[in-house]
Each structure stands twice: as structure tokens, then as C-alpha cells.
Amino acid sequence: MLEKDYHTHSSFSPDAKDSMEDMILKAIEIGLKEIVFTDHFEIKEDGGPTKSFSDPLYLDRAAKECLRLKEKYDGIIYVGLGIELGQSHKDSDLAEKILSTYPYDFVLASYHKINNIDLSLYDYESIDQEELLVKYFSGLLEIAKSSNYDVLSHLDLIKRYAAKKNIRLRIEKEEDLVRQILKEVIKRNKAIEINTSGYRCPANESLPSKKVLSWYKEMGGRYVTVGSDSHNANDIAKDFEKAEKLIQEFNFIVPSYRKRMRIR
Ligand SMILES: [Zn+2]
Ligand SMILES: [Zn+2]
50 MLEKDYHTHS SFSPDAKDSM EDMILKAIEI GLKEIVFTDH FEIKEDGGPT KSFSDPLYLD
110 RAAKECLRLK EKYDGIIYVG LGIELGQSHK DSDLAEKILS TYPYDFVLAS YHKINNIDLS
170 LYDYESIDQE ELLVKYFSGL LEIAKSSNYD VLSHLDLIKR YAAKKNIRLR IEKEEDLVRQ
230 ILKEVIKRNK AIEINTSGYR CPANESLPSK KVLSWYKEMG GRYVTVGSDS HNANDIAKDF
290 EKAEKLIQEF NFIVPSYRKR MRIR
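Structure, rendered in C-alpha cells:
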């Protein structure tokens, strides 16, 4: 059994509802040995935080509470301080400042917003889907190449939102761009994530898909982390048995992280 969830959101994230402590208690109840909080921090197109993250004490509060709980539950479950940084390529100075201020164990890099519009808000029926896909993967390539991160999160996230509108985006058509992203990840000795939130939407598959995982494997990728991307306690470690099957099939290694060091 996969005993660690490396992508969770507590109520510090504006879109999540359960407290860190409630999430930890749930994680203990279902037998996890590690839970890492990766509450959001989102960066705007022209730099600086997006509106919901402009409170300067936001990161302070999240880090303080997480460190308090890390100590409180020491020996029972490992509680990691992480962050999910969105659009870090749009303001690398701010990203660096954040990452050097708090003692993070783990950093996810994500691309949620193109031109300040969240991917969940695009009208996938009327837009030029191919153009948006190219924009998405080109931005992600920039992040993979230049950002400070440990793991690249939900690589084909865009399909999750399109699927909600019953549209199946043809990720495979952008194989070349996706392979360039994977190449950067491998070259920089980083990892990608198997995000199981895709099973909780009409896409009904992992993010990224099995196809993308097979490219990663073929190109020499070895490390993956697994994250439920839960925004509430009930979704912690959801569908991990499906991720486990993929890991066994591709013989991936699922490491742990401490103070941003990858350990087995
Ligand atoms: Zn995300
Ligand atoms: Zn997330």
C-alpha cells in the first residue's frame, strides 16, 4: 500500500475546507505514514501574488501551523511542509523569496493559469483547443526548465477541466512538447507526480495519463510522487490503489522528501 500522500490542501488554501489537524487525523485513521501539505500560492502573469494570496501573513500562518503539527505528531505520522507554487516562472524573484523564507520539505510546481485565467474557467467548446494546449505545455516547459521545484505536478491538468465539459483534449498530439518537458525533469534530476484527482472527474484517469507515464519511463524517468490533490479530508489518498498499479507496471520509485532532499 502507498502510505504517503504528497499533494494535499488544508483550509489555508482558499479552495479547501478542512483544517490541517483534521486532515492529519484522517490520514492516521486510514493508515498513512506521511502526509505533505502543499497549500497553494499563485503568481500572476505580470508577477506578484494573485489577489487571494496577497495577504502577506498567509504563508506564515500555514507554515507555523504545519510545523506545530509536525512536532505534535512526530513518531505517529510524518507531516511535511510543502507548497504548490503556481506560475513560478512568472516571478522567479518572488518564488525564490518564498522558498528561502520557510523550511519547506517539498515543492510542487504547477501551471494553473494562462494569462491570469484559471484553466477551470476556459470555455473549452469555443476556444481553439490546440492553441491552448500549446500555450499550456509551452508554459509548463518553461517552468520545468527554469523553476525551483522538486516535482512537476499534474502534468496534463488541462484535460481535467476540459473533461468536465465533456471534451477530450488530444494531449498525444503534443507529444513533442510533452517529451521536452519530461526531458527537462529528468535532466534536472527532478520527478513528476501521479495525481489521482483525475479519477474523481469525467477524465477518469491519472494526471498525467498512462501514455505520458510510458514516455517518461522510456526516456529514463524513475521517480514519481503520488498525490490525491485532496481539498478535504475525505479525498486523502483517494484512488491510490490505481496509482499503485501504474507504479508497479512501470517499476517507478516513490521517494520521500525531507527539507527538499529526496530520500528513498
Ligand atoms: Zn494544482
Ligand atoms: Zn493542488
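For the sequence shown, the numbering used here begins at 50 and goes up steadily by one.
Positions of the beta carbon are idealized from the N, C-alpha and C atoms, including for glycine.
Predicted model, so just to flag it, every value in this text is computed and none were measured.
Please list, in chain order, all residues with a C-beta atom less than 5 Å from at least one heavy atom of ligand 2.
-> Residue list for ligand 2: E133, D278 (CB closer than 5 Å to any heavy atom, chain order).
Sorted by chain position, which residues of the same chain lie with C-beta nearer than 8 Å to H58's C-beta, five sequence neighbours on each side aside?
-> In the sequence shown, the residue the question calls residue 58 occupies position 9. Result list for H58: D64, A65, F86, T87, D88, H89, E133, D278, S279, H280, in chain order.
Where the beta strand (DSSP E) through V275 begins and ends | Residue numbering aside, residue 275 sits at position 226 when the sequence shown is read from its first letter. Start and end: 273 to 276.
Just mark I176 as buried or exposed, buried being the case when its beta carbon has 16 or more other beta carbons within 10 Å.
-> Stepping through the sequence shown from its first residue, residue 176 is reached at position 127. Under a 10 Å Cβ-count criterion, I176 is classified as exposed, with fewer than 16 other Cβ atoms of the shown protein chains found around its own Cβ.
Give me the Cα-Cα distance between A112 and E223, rounded to the nearest whole angstrom.
-> Mapped onto the sequence shown, residue 112 falls at position 63. Mapped onto the sequence shown, residue 223 falls at position 174. E223 has its alpha-carbon roughly 38 Å from the corresponding atom of A112.
Start-to-end residues for the beta strand (DSSP E) that takes in I312 = Here residue 312 is taken as the residue at index 263 of the sequence shown, counted from 1. Membership of I312 in the beta strand (DSSP E) is indicated by the continuous run 310 to 312.
Between the beta-carbon of I230 and the beta-carbon of F186, is there less than 8 Å?
-> Translated into positions along the sequence shown, residue 230 becomes position 181. Translated into positions along the sequence shown, residue 186 becomes position 137. Less than 8 Å divides the Cβ of I230 from the Cβ of F186.
Measure the C-alpha to C-alpha separation of P257 and K308 and round it to an integer number of angstroms.
-> Counting from one through the sequence shown, the residue named residue 257 turns up at place 208. Counting from one through the sequence shown, the residue named residue 308 turns up at place 259. Using only the alpha carbons, I get a separation of about 26 Å.
Assigned exposure category for M268 - 16 Cβ within 10 Å defines buried = Locating residue 268 in the sequence shown gives position 219, where the first residue counts as 1. So M268 counts as exposed.
Inside the stretch 127 to 187 only - alpha helix (DSSP H) runs reaching at least 4 residues = Fully enclosed alpha helix (DSSP H) runs of 4 or longer: 141 to 150.
C-alpha gap between I243 and A292, whole angstroms = Numbered from its first residue, the sequence shown carries residue 243 at position 194. Numbered from its first residue, the sequence shown carries residue 292 at position 243. Each residue's alpha carbon lies about 7 Å from the other.
First through last residue of the beta strand (DSSP E) which encompasses E242 = What you label residue 242 is simply residue 193 of the sequence shown in a count that begins at 1. In the DSSP assignment, E242 falls within the beta strand (DSSP E) that extends over 240 to 244.
Give the DSSP bridge partners of T57, in chain order.
-> Residue mapping note: residue 57 aligns to position 8 of the sequence shown, counting from 1. DSSP lists F86, S279 as partners of T57.
Is there at least one non-hydrogen atom of ligand 1 closer than 7 Å to the beta-carbon of S196?
-> One-based indexing of the sequence shown puts residue 196 at position 147. Closer than 7 Å to some heavy atom of ligand 1: that does not describe the Cβ of S196.
Is it right to say D225 is buried, meaning 16 or more other beta carbons lie within 10 angstroms of its own, or is it exposed?
-> As a working note, residue 225 is residue 176 in the sequence shown. Residue environment: D225 is assigned as exposed (fewer than 16 neighbouring CB atoms within 10 Å of its CB, all protein chains considered).
DSSP state of E91, grouped into three classes?
-> On the sequence shown, residue 91 is found 42 positions in, with the first residue counted as 1. Of the three classes helix, strand and coil, the one that applies to E91 here is strand, per DSSP.
For S305, three-class secondary structure by DSSP = As a position in the sequence shown, residue 305 is number 256, starting the count at 1. DSSP places S305 in strand when its eight states are reduced to three.
Residues that P98 bridges to, as DSSP identifies them | For the purposes of this step, residue 98 is identified with residue 49 of the sequence shown, where counting begins at 1. Looking at the DSSP output, P98 bridges to I92.
Start and end of the alpha helix (DSSP H) containing A286?
-> For this step, residue 286 is matched to residue 237 along the sequence shown. For A286, there is no enclosing alpha helix (DSSP H), as DSSP gives it neither H nor E.
CA nearest to the CA of I147, picked from P105, A76, G247 = Against the sequence shown, residue 147 aligns to sequence position 98. Answer by Cα proximity: P105.
Cα-Cα separation, E233 to A158 = Taking the sequence shown and counting its residues from 1, one reaches residue 233 at position 184. Taking the sequence shown and counting its residues from 1, one reaches residue 158 at position 109. The C-alpha of A158 is placed about 13 Å away from the C-alpha of E233.
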